[in-house]
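Undergrad: Chains as they are written, first to last, in UniProt numbering: chain A, 1 to 305; chain B, 1 to 305; chain C, 1 to 147; chain D, 1 to 147.
Before I ask anything, here is the structure I am working with.
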Amino acid sequence: MATPRHTVSRRAALVAREVNDMARITASVYTSHVPAIGAALDSGKCGEPYWQPVFKGYEPSQAWIRANTPDVIFLVYNDHATAFSLDLIPTFAIGCAAEFQPADEGWGPRPVPVVKGHPELAAHIAQSVIQDDFDLTIVNKMDVDHGLTVPLSLLFGQPAAWPCPVIPFAVNVVQYPVPSGRRCFNLGRAIRKAVAAFDQPLKVQIWGTGGMSHQLQGPRAGLINREFDQAFLDQLIADPAALAQKPHIDYVREAGSEGIELVMWLIARGAMGDESGPGTPRVAHRFYHVPASNTAVGHLILENT
Amino acid sequence: MATPRHTVSRRAALVAREVNDMARITASVYTSHVPAIGAALDSGKCGEPYWQPVFKGYEPSQAWIRANTPDVIFLVYNDHATAFSLDLIPTFAIGCAAEFQPADEGWGPRPVPVVKGHPELAAHIAQSVIQDDFDLTIVNKMDVDHGLTVPLSLLFGQPAAWPCPVIPFAVNVVQYPVPSGRRCFNLGRAIRKAVAAFDQPLKVQIWGTGGMSHQLQGPRAGLINREFDQAFLDQLIADPAALAQKPHIDYVREAGSEGIELVMWLIARGAMGDESGPGTPRVAHRFYHVPASNTAVGHLILENT
Amino acid sequence: MALDKPYKDIPGTTIFDADQSRLGYHLNQFCMSLMKAGNRARFKADERAYLDEWAMTEEQKQAVLARDLNWCIRLGGNIYFLAKIGATDGKSFQQMAGSMTGMSEEEYRNMMVAGGRSVEGNRVIGEDGDAQAHRQPQGRAGRKGSQ
Amino acid sequence: MALDKPYKDIPGTTIFDADQSRLGYHLNQFCMSLMKAGNRARFKADERAYLDEWAMTEEQKQAVLARDLNWCIRLGGNIYFLAKIGATDGKSFQQMAGSMTGMSEEEYRNMMVAGGRSVEGNRVIGEDGDAQAHRQPQGRAGRKGSQ
Ligand SMILES: [Fe+3]
Ligand SMILES: [Fe+3]
């Protein structure tokens, strides 16, 4: 059956409008979330020689995000025995509440703004990825710890209010077994698909936090592995699907027991979806510095082109 | 290289011993978990004409389980807004604690024994299935509601203590999206594999509870669908992999909004593992009765042969 | 396009999805609080005062005070949460479920003993089963109107 | 055969798995309680009395009183939980981590500023890196013994 030409054009216009009316992932941000960085900021120590190189590394990021403020941030992090005790440990938990309070981790709550959520998009993503066989835990009440607030401080500084809503996504990397890199990468893909099916024209960034190499326990505390970290950054950019095959034991052995947090970066990377269309994302910024407290600070910004 | 004959025999003996030293799933039990059944038992009403046919249907089961008491029961059920409020909703939660208290659901706690867990096997199964890409929530503190205790009462009556430990496994079927039948069936397969890798010679039963057809809400409350229920039982026995493809909407439309609980039976059925070796399990008992309160009572016992 | 909700075409049935859950969050959490004997006693002593401790809408409070479960469900309530109100009132699940049909307790119980409500005519909105909107309320309450 | 634990061969490193978690359940839950300012004050006022409120083993209590984090970890503690004790004492994560090496605060800090501990010799038990058992404690504390 022949289709009149004007109908085809109208359909194309409709499709084009539909794509523009939908949410999309515009960029991903990767960063360590060291608690001492939060403490340095909150106590006004960022000018000290020890901290200067760290904060200098985030200056381009602060400029970048002023120019590229998203409508929502989907922030992947891990809870550090804060909201989740041993009574209940979700592998993946998505925060669907309207707001989340900064937690008291023992030093008193960080003096940072309350985190506003995006309940509608969060619920939509939850619905979509659960139907894609990811067995999320839905959370409507949760305090958020340094894992979530330190990255916000690094990118946004010290505003009176965070400039956009944030969907907290907590991953268990504290009690083994933690999810595999492959599982995380595939979850990122499912999140991308979910975002693309949300019918509001939102620019969504996905952040992966934690790492890089560090170990906070035992006689091996203080381990740092620059070669591992740099290779991780290289492969995260160029060949994340292969990186996702790395077994847990490699992270622990090479990057320290807390280096396992790096699997969370694969969730953000999986959501960039360059396999399914656009080429390798553009590296907007890359930074690496040792040390911040016990940790190697790594940071990367990838833009979808 | 030739292998001396005695070595081969020794190896075969070793393998045989190993298989016998491992845990295994011996049978699966399926049953509705109607709260009114618990209330009838607890208040001594089981002799009433209304309840007699229900409890009569479980008499063969009580005899069967006296002859086939397992070392552990892995009990799949759903929490009915008891342990989990809207603050936190795990899709799949595995109880790893040493004990679980019967919950106060609003009528006061049921006068039944405390439920003793099996922390070692529970943690082993959690570890194995999380590594198989099921994103469980690990729970170390949880009260258990009628969804778990009514099936125990139906099979064991009113003992001073439950005759064996129980691992509670809670599935979200309250807030959509709930896991698909296919996801549940595959989870059952992963649980079977995990049990078979536990190096203690435990006989493990897996119970799937909830259902059958019922609807507790709205002008359509009281819906019962015998044809659906009987076909479900037939297919659960003979072709569970095909049954696992049934979409949620079919359960809701045909078996009532709370009929969706039947997806939990597919977890138990998936753990029977007859695809991978032994033939179709033996039907040790099958029972169906309408009504108990608002619900069609269905019950099935399958033995691995 | 947002995600499908293929479950919107079933008569007399509300699926408790994330949207309903957000709508009914405070209502349902109020219900959860009734799992403690002390809270049940306080609620019974002064229902209005107890409800006013919760961030519920006025309409949600009215629906609870009226014990109108269909109304509660329209406002985001879920039956497993709402059941805590019934439990506080000493009601069974059968009494609660029946109350949403318009039938008397006896009528509903008799329907169940006779095999329950048939699915025929009740699968899709627009058929003619007894759960369809144009046939509410059911039982004697419904017949009164039409006689 | 039970599940593999391929992470048992790394020197100076305890992986917090389900077995450790069961072992340390009450120890770690005690630590969580220190996230409330009121509990921190009560603990500081009388450590022993506060510890006695928890179903911890006597050895776990001793390890906490001694602030010996390696000992706590052997008894099922996890660093993110144990950090609540350090926070209560006003210690940073760097001070806590360093305390497990035997180094002084300054020695540990200098090691980190110089690029951190090398992975060489510390990948597998039996190599000769500074995290291996035969080289504990580290820093001045270790050199004292060998001089
Ligand atoms: Fe962290
Ligand atoms: Fe149920």
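No residue lacks a Cβ here, since even glycine has one placed at the ideal position from N, Cα and C.
Values in this document were obtained by computation on a predicted structure and should not be read as measured data.
For a test of the three-state rule: what should DSSP assign to Pro-90 (chain A), helix, strand or coil?
TA: The residue given as residue 90 (chain A) occupies position 90 in the first sequence. Reduced to three states, the DSSP call for Pro-90 (chain A) is strand.
Undergrad: Taking 8 Å as the limit between beta carbons, can you name the residues of its chain near Leu-65 (chain D), skipping five residues before and five after?
TA: Residue 65 (chain D) sits at position 65 when you count from the first residue of the fourth sequence. So the list reads Glu-47, Arg-48 and Leu-51, once near-sequence residues are dropped.
Undergrad: Helix, strand or coil, according to DSSP, for Arg-24 (chain B) in the structure here?
TA: The count along the second sequence starts at 1 and reaches residue 24 (chain B) at position 24. Arg-24 (chain B) falls in the strand class under three-state DSSP.
Undergrad: Label Gln-217 (chain A) either buried or exposed according to how many other C-beta atoms from any shown protein chain fall within 10 Å of its C-beta, with 16 as the threshold for buried.
TA: One-based indexing of the first sequence puts residue 217 (chain A) at position 217. Buried, since its Cβ has 16 or more Cβ neighbours within 10 Å.
Undergrad: To the nearest angstrom, report how far apart Gly-86 (chain D) and Ala-39 (chain A) are at their CA atoms.
TA: Position 86 of the fourth sequence, counted from the start, is the residue given in the question as residue 86 (chain D). Position 39 of the first sequence, counted from the start, is the residue given in the question as residue 39 (chain A). One C-alpha to the other measures close to 15 Å.
Undergrad: Grouping DSSP H, G and I as helix and E and B as strand, with all else coil, what is Ile-267 (chain B)?
TA: Your numbering for residue 267 (chain B) matches position 267 in the second sequence. Three-state DSSP puts Ile-267 (chain B) in a helix.
Undergrad: Could you list which residues in chain C have their beta carbon closer than 7 Å to that of Val-290 (chain B), in chain order?
TA: Along the second sequence, read from residue 1 onward, the residue named residue 290 (chain B) stands at position 290. The contacting residues are Gly-115 and Gly-116.
Undergrad: Quick one: Cα of Asn-70 (chain D) to Cα of Met-100 (chain D), how far?
TA: Taking the first residue of the fourth sequence as position 1, residue 70 (chain D) is located at position 70. Taking the first residue of the fourth sequence as position 1, residue 100 (chain D) is located at position 100. Distance between Asn-70 (chain D) and Met-100 (chain D), taken at the CA atoms: about 6 Å.
Undergrad: I need the DSSP call for Ala-292 (chain A), collapsed to helix, strand or coil.
TA: Along the first sequence, read from residue 1 onward, the residue named residue 292 (chain A) stands at position 292. It is a strand residue.
Undergrad: Checking contacts by CB at 9 Å: is Ala-83 (chain C) closer than that to chain B?
TA: Locating residue 83 (chain C) in the third sequence gives position 83, counting from the first residue. Among the CB atoms of chain B, one or more fall inside 9 Å of the CB of Ala-83 (chain C).
Undergrad: At what residues does the beta strand (DSSP E) containing Gln-205 (chain A) begin and finish?
TA: For the purposes of this step, residue 205 (chain A) is identified with residue 205 of the first sequence, where counting begins at 1. Looking at the DSSP string, the run of the beta strand (DSSP E) that includes Gln-205 (chain A) is 203 to 209.
Undergrad: Would you say Ala-16 (chain A) lies against chain C (beta-carbon separation less than 9 Å)?
TA: Counted from its first residue, the first sequence places residue 16 (chain A) at position 16. Only weak support exists for where Ala-16 (chain A) lies, its pLDDT of 49 falling under 50; the value from the coordinates is given anyway. Output row for Ala-16 (chain A): interface = no.
Undergrad: What three-state label does DSSP hand Phe-84 (chain B) in the structure shown?
TA: Within the second sequence, residue 84 (chain B) is the residue found at index 84, counting from 1. DSSP places Phe-84 (chain B) in coil when its eight states are reduced to three.
Undergrad: Going by the beta-carbon positions, is the gap between Arg-109 (chain D) and Gly-116 (chain D) smaller than 9 Å?
TA: By one-based count along the fourth sequence, residue 109 (chain D) stands at place 109. By one-based count along the fourth sequence, residue 116 (chain D) stands at place 116. Cβ atoms of Arg-109 (chain D) and Gly-116 (chain D): not closer than 9 Å.
Undergrad: If you draw a straight line from the C-alpha of Thr-7 (chain A) to the C-alpha of Gln-215 (chain B), how long is it?
TA: The residue you call residue 7 (chain A) lines up with position 7 of the first sequence. The residue you call residue 215 (chain B) lines up with position 215 of the second sequence. Confidence at Thr-7 (chain A) is low in this model, with a pLDDT of 48, below 50, so its placement is unreliable and no value can be given for it.
Undergrad: Could you compute how far the alpha carbon of Asp-199 (chain A) sits from the alpha carbon of Lys-193 (chain A)?
TA: As a first step, residue 199 (chain A) is located in the first sequence; it is residue number 199 there, counting from the start. As a first step, residue 193 (chain A) is located in the first sequence; it is residue number 193 there, counting from the start. C-alpha separation (whole angstroms): 12 Å.
Undergrad: Can you grab the Cα-Cα spacing for the pair Met-1 (chain D) / Val-263 (chain A), in whole Å?
TA: Translated into the one-based positions of the fourth sequence, residue 1 (chain D) becomes position 1. Translated into the one-based positions of the first sequence, residue 263 (chain A) becomes position 263. Any reading at Met-1 (chain D) must be qualified, since the residue scores a pLDDT of 39, below 50, and its modelled position is unreliable; the value itself is stated next. When the Cα atoms are used, Met-1 (chain D) and Val-263 (chain A) turn out to be separated by approximately 28 Å.
Undergrad: Which two residues bound the contiguous beta strand (DSSP E) that contains Phe-169 (chain A)?
TA: The residue you call residue 169 (chain A) lines up with position 169 of the first sequence. Unbroken beta strand (DSSP E) run through Phe-169 (chain A): 166 to 171.
Undergrad: What is the chain-ordered set of residues for which the beta carbon lies under 6 Å from any non-hydrogen atom of ligand 1?
TA: Those residues having their beta-carbon less than 6 Å away from any non-hydrogen atom of ligand 1 are, in chain order, A:His-33, A:Asn-78, A:His-80, A:Gly-147, A:Gly-210 and A:Glu-261.
Undergrad: By DSSP, does Asp-104 (chain B) sit in helix, in strand, or in coil?
TA: Within the second sequence, the letter at position 104 stands for residue 104 (chain B). DSSP, reduced to helix, strand and coil, places Asp-104 (chain B) within a strand of the structure shown.
Undergrad: Taking 8 Å as the cut-off, is the CB of Glu-105 (chain B) close to at least one heavy atom of ligand 2?
TA: Within the second sequence, numbered from 1, the residue matching residue 105 (chain B) stands at position 105. No, the beta carbon of Glu-105 (chain B) sits no closer than 8 Å to any heavy atom of ligand 2.
Undergrad: Taking 9 Å as the threshold (beta carbon to beta carbon), is Arg-192 (chain A) in contact with chain D?
TA: As a working mapping, residue 192 (chain A) is identified with position 192 in the first sequence. Not closer than 9 Å to any Cβ of chain D, the Cβ of Arg-192 (chain A) fails to qualify, so no.
Undergrad: If the cut is a Cβ gap below 7 Å, which residues of chain D does His-80 (chain A) touch?
TA: Against the first sequence, residue 80 (chain A) aligns to sequence position 80. What His-80 (chain A) touches in chain D: Tyr-80.
Undergrad: Which residues in the same chain have their Cβ closer than 6 Å to the Cβ of Met-116 (chain A), if we skip the five residues on either side of it in sequence?
TA: The residue you call residue 116 (chain A) lines up with position 116 of the first sequence. First, the amino acid is wrong: residue 116 (chain A) is Lys here, not Met. Counting only Cβ-Cβ distances below 6 Å, and skipping sequence neighbours, we find Glu-99 and Pro-165.
Undergrad: Where does residue 360 (chain A) sit, in a helix, a strand or coil, going by DSSP?
TA: Outside the shown range of chain A, which is 1 to 305, sits residue 360 (chain A), and nothing can be said about it.
Undergrad: When the Cα atoms are used, what is the spatial distance from Pro-119 (chain B) to Phe-232 (chain B)?
TA: For this step, residue 119 (chain B) is matched to residue 119 along the second sequence. For this step, residue 232 (chain B) is matched to residue 232 along the second sequence. Pro-119 (chain B) and Phe-232 (chain B): Cα-Cα distance of roughly 33 Å.
Undergrad: Under 8 Å: does the beta carbon of Glu-258 (chain B) sit that close to some heavy atom of ligand 2?
TA: By one-based count along the second sequence, residue 258 (chain B) stands at place 258. Yes, the Cβ of Glu-258 (chain B) comes within 8 Å of a heavy atom of ligand 2.
Undergrad: Give me the DSSP bridge partner(s) of Lys-5 (chain C).
TA: For the purposes of this step, residue 5 (chain C) is taken as the residue at position 5 of the third sequence. According to DSSP, which records beta bridges pairwise, Lys-5 (chain C) is partnered with nothing at all.
Undergrad: Cutting at 7 Å between CB atoms, please list the residues of its own chain near Pro-4 (chain B), excluding the five before and the five after it.
TA: One-based indexing of the second sequence puts residue 4 (chain B) at position 4. Its pLDDT being 43, under 50, Pro-4 (chain B) is placed unreliably in this model, and the coordinates cannot settle the point.
Undergrad: Helix, strand or coil for Val-129 (chain A) per DSSP?
TA: Numbered from 1 along the first sequence, position 129 holds the residue referred to as residue 129 (chain A). In the structure shown, Val-129 (chain A) sits in a helix (DSSP, three-state: H, G or I).
Undergrad: Would you call the stretch 53 to 66 of chain A and the stretch 82 to 94 of chain A in contact, with 3 or more CB pairs under 8 Å?
TA: no
Undergrad: Cα-Cα, which of B:Ala-244, B:Met-142 and B:Gln-127 is closest to residue 306 (chain B)?
TA: The question about residue 306 (chain B) has no answer, for chain B in this structure spans 1 to 305.
Undergrad: By how many angstroms is the C-alpha of Val-204 (chain A) removed from the C-alpha of His-289 (chain B)?
TA: Indexing the second sequence from 1 puts residue 289 (chain B) at position 289. Indexing the first sequence from 1 puts residue 204 (chain A) at position 204. So the two alpha carbons sit approximately 52 Å from each other.
Undergrad: Comparing the C-beta of Ala-123 (chain B) with each C-beta of chain D, is any distance below 9 Å?
TA: For this step, residue 123 (chain B) is matched to residue 123 along the second sequence. At least one C-beta of chain D is nearer than 9 Å to the C-beta of Ala-123 (chain B).
Undergrad: Should Met-1 (chain B) go down as buried or exposed, given a rule of 16 or more other Cβ atoms within 10 Å for buried?
TA: Residue numbering aside, residue 1 (chain B) sits at position 1 when the second sequence is read from its first letter. Low per-residue confidence applies at Met-1 (chain B): pLDDT is 36, beneath 50, and the placement is therefore not dependable enough to give any value.
Undergrad: What residues in the stretch 44 to 74 of chain B have a beta carbon less than 9 Å from any beta carbon of chain D?
TA: none
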